[in-house]
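Notes follow once the structure below has been shown.
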Amino acid sequence: MYEFAVTPAVTQLRRQGVIITEITPGSLGEELELRPGDRIVKVNGRTVRDYLDFRFQTAGETELSLRVKKANGETLEIEFDREEGEDFGLGFEQIVPRQCANECLFCFCKGNPEDARPSLFVRDEDIRLSFLYGNYTTLSSITEDEMNRVIEQRLSPQYVSVHATDLKTRAYLLGVDEKRADISGKIERLLAAGIEIHAQVVLCPEINDGPVLEKTLRDLASHYPKVVSTAIVPVALTRYNTDERLTRVTPEFCRRTIREVERLQKEFRRTLGVTFAFLGDEIYIRAGAEIPSRRHYGNYPQIEDGVGMIRSFVNSFEKLLKKRPADKRAEAVGIARKFFADARTHPAASVPAEPAVRRNPARGERRAAELNGTILTGEMFAPTLGEQIARFNEVHGSRLRVVAVRNEYFGGDVSVAGLLSGSDLMRVRDEVEGDFVMIPPSVIKSDEPVLIDGMQFAELEHAYPVPIIAEDLVEFLSRTI
Ligand code: SF4
Numbered sequence: 000m001y002e003f004a005v006t007p008a009v010t011q012l013r014r015q016g017v018i019i020t021e022i023t024p025g026s027l028g029e030e031l032e033l034r035p036g037d038r039i040v041k042v043n044g045r046t047v048r049d050y051l052d053f054r055f056q057t058a059g060e061t062e063l064s065l066r067v068k069k070a071n072g073e074t075l076e077i078e079f080d081r082e083e084g085e086d087f088g089l090g091f092e093q094i095v096p097r098q099c100a101n102e103c104l105f106c107f108c109k110g111n112p113e114d115a116r117p118s119l120f121v122r123d124e125d126i127r128l129s130f131l132y133g134n135y136t137t138l139s140s141i142t143e144d145e146m147n148r149v150i151e152q153r154l155s156p157q158y159v160s161v162h163a164t165d166l167k168t169r170a171y172l173l174g175v176d177e178k179r180a181d182i183s184g185k186i187e188r189l190l191a192a193g194i195e196i197h198a199q200v201v202l203c204p205e206i207n208d209g210p211v212l213e214k215t216l217r218d219l220a221s222h223y224p225k226v227v228s229t230a231i232v233p234v235a236l237t238r239y240n241t242d243e244r245l246t247r248v249t250p251e252f253c254r255r256t257i258r259e260v261e262r263l264q265k266e267f268r269r270t271l272g273v274t275f276a277f278l279g280d281e282i283y284i285r286a287g288a289e290i291p292s293r294r295h296y297g298n299y300p301q302i303e304d305g306v307g308m309i310r311s312f313v314n315s316f317e318k319l320l321k322k323r324p325a326d327k328r329a330e331a332v333g334i335a336r337k338f339f340a341d342a343r344t345h346p347a348a349s350v351p352a353e354p355a356v357r358r359n360p361a362r363g364e365r366r367a368a369e370l371n372g373t374i375l376t377g378e379m380f381a382p383t384l385g386e387q388i389a390r391f392n393e394v395h396g397s398r399l400r401v402v403a404v405r406n407e408y409f410g411g412d413v414s415v416a417g418l419l420s421g422s423d424l425m426r427v428r429d430e431v432e433g434d435f436v437m438i439p440p441s442v443i444k445s446d447e448p449v450l451i452d453g454m455q456f457a458e459l460e461h462a463y464p465v466p467i468i469a470e471d472l473v474e475f476l477s478r479t480i
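Going by numbering that gives the first Met the number 0, the sequence shown opens with residue 0, and the numbers climb by one from there.
As structure tokens, then:
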């Protein structure tokens, strides 16, 4: 689930308007003498609730009036014309998410350790974040205003956690009554208004699998192409999920699910022309089954939900392995190569938080043959990554190794790389060989150099004997060829 920059105080009273946080020098915003801290409360007489409203209400308008509350309390009415398509050059505060009103059996919040960073306890259920970032909502408590907003502002696609179209099952999973669980009318209304939906099923053994899953997929597929795709991801229980109503996902369960869903996928490909229902990568890995081909995933409609990530990675890696060494002339025109040995003294290594996340504090360039380092990843991805890295070593003579890091912070079934904590990464520092270590960039919060357990990235850096690189592996390796 996407994690955004918020404090957990999601119930705070919201003031009207949206606060400007940044102004691009030389922009229209600067010309209008707007300042960070100013709050835009109305555009052309219409109330602004957030930056999506601002975007929507200014889109295509060339004659504008803004009501602005200055930081000193003064209120200004600014009237002006702008060129068609002229950008305001304004940055805005983040959207404060609306909280969900469910009590899902498998809610990730119940699986968090107590000391996890506060933003992990935010139970968002927000159609704006669904549109912007692909966060799933259940639509179970969406208000009439929100429905209207989705339709009026065309906040499409929406990502919807359906889980089951069988009402009893859905209500049970969401911990709400059947009336609230019933979103069939809402879905129909959104689809009729031309809003596309990507659906999700969090698969819980013995609850919404088997015939319930088949019914869900068939019901959703009957709305294709307006319901564009469905992701089926296994419930991931940490060691803190102790609810006896939940059953852990086993390899045998995954194999059975693949068999059952493959039959439907074939049918959908025949009748709809697309796979439509996609199983999460984790299901294939845990089953010990082969990851489907590139064609299976189409344009990877649910890749952010861990569906097709491995296929996409392996295909990118194939291309990387075919890449020819850079033209020597490129060196002559001055491609600078800095080496990892410089990393500790490089100015970038000591600048704290601007930009907030230093994706690659030890950024540098070297040839593939000179690479001698360790790549840390989660247990789920380690075998796939290990195979690809062995091929890279063979082709380029590099000395890269992959270390699978067990997730002891969450424990249970959690084995994805993105949920590795600072303490997990600390634990394996003696297993690191070579002169650098790579970690998945997703383990660092997107807007702050902090890990999932609240550990500062700088603390990790200090504890490691070699520089830490947190950037996309394929991009990184690509620069060394
Ligand atoms: S919708 Fe369910 S899983 Fe999501 S935050 Fe709410 S209770 Fe948790």
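Cβ atoms here follow ideal geometry from the backbone N, Cα and C, with glycine treated the same way.
Model, not experiment: these values are computed from the prediction.
Shown here, residue 179 sits in a helix according to DSSP, grouped into three states.
Ranked by how close their Cα comes to the Cα of residue 112, the residues 50, 239, 440 have 239 in first place. Rounded to the nearest whole angstrom, the CA to CA distance from residue 214 to residue 223 is 15 Å. Excluding the 5 residues flanking it on each side, residue 368 has same chain C-beta neighbours closer than 7 Å at 395, 396, 397, in chain order. Below 8 Å, too few C-beta pairs join the stretch 260-268 and the stretch 307-319 to call them touching: fewer than three. Close CB contacts of residue 192 within its chain, under the 6 Å cut and outside five residues either way in sequence, are with 150 (chain order). Straight through space, the alpha carbons of residue 23 and residue 283 are spaced by roughly 47 Å. Around the beta carbon of residue 136, 16 or more other beta carbons sit within 10 angstroms, so the residue counts as buried. Taking a 10 Å sphere around the C-beta of residue 162, we find 16 or more other C-beta atoms and assign the residue as buried. Note that the C-beta distance between residue 427 and residue 402 is below 8 Å.
When DSSP states are grouped into helix, strand and coil, residue 52 belongs to the helix group. Two segments are said to touch when three or more pairs of C-beta atoms, one from each, lie closer than 8 Å; by this definition the stretch 100-119 touches the stretch 230-244. By a beta-carbon distance limit of 8 Å, residue 228 contacts residue 300. Their separation comes to about 4 Å. The beta carbons of residue 419 and residue 377 sit closer together than 8 Å. Taking C-alpha positions only, residue 287 is separated from residue 100 by approximately 37 Å.
Secondary structure note for residue 320: its alpha helix (DSSP H) is the uninterrupted segment 308-321.
Under the rule that a run must span 3 or more residues, the beta strand (DSSP E) segments found entirely inside the stretch 132-200 read 157-160. Residue 382 carries a helical assignment under DSSP once its states are collapsed to helix, strand and coil. Judged by beta-carbon spacing, residue 452 lies within the 8 Å limit of residue 422, meaning their Cβ atoms are closer than that value. In the structure shown, residue 438 adopts coil according to DSSP, grouped into three states. In the three-state reduction of the DSSP assignment, residue 391 falls in the helix class, which pools H, G and I.
If only complete runs of 3 or more residues are kept, the stretch 204-261 shows the beta strand (DSSP E) at 226-233, in order along the chain.
At a cut-off of 4 residues, not a single continuous stretch assigned as alpha helix (DSSP H) sits fully inside the stretch 53-93.
Less than 8 Å divides the Cβ of residue 305 from the Cβ of residue 232.
Sequence-distant Cβ neighbours of residue 204 in its own chain, meaning closer than 7 Å and more than five residues away, are 246, 248, 252. Bridge pairing for residue 400: 373 [DSSP]. Nearest C-alpha to residue 281 among 268, 271, 302: 302.
For ligand 1, a non-hydrogen atom lies closer than 7 Å to the CB of residue 108. Remark: the C-beta of residue 101 is in contact range of ligand 1, defined as less than 7 Å to any heavy atom.
A distance of 8 Å or more separates the beta carbons of residue 55 and residue 157. Put simply, the backbone Cα of residue 20 is about 21 Å away from that of residue 84. Between residue 80 and residue 97, the C-beta gap is not smaller than 8 Å, which leaves the two residues out of contact. Separation of the CB atoms of residue 89 and residue 51 is rounded to 13 Å, and the pair is thereby denied contact status at 8 Å.
Bridge pairing for residue 42: 45, 65 [DSSP]. Rounded to whole angstroms, the gap between the alpha carbons of residue 292 and residue 371 is 32 Å. Ligand 1 has a heavy atom closer than 7 Å to the beta-carbon of residue 122.
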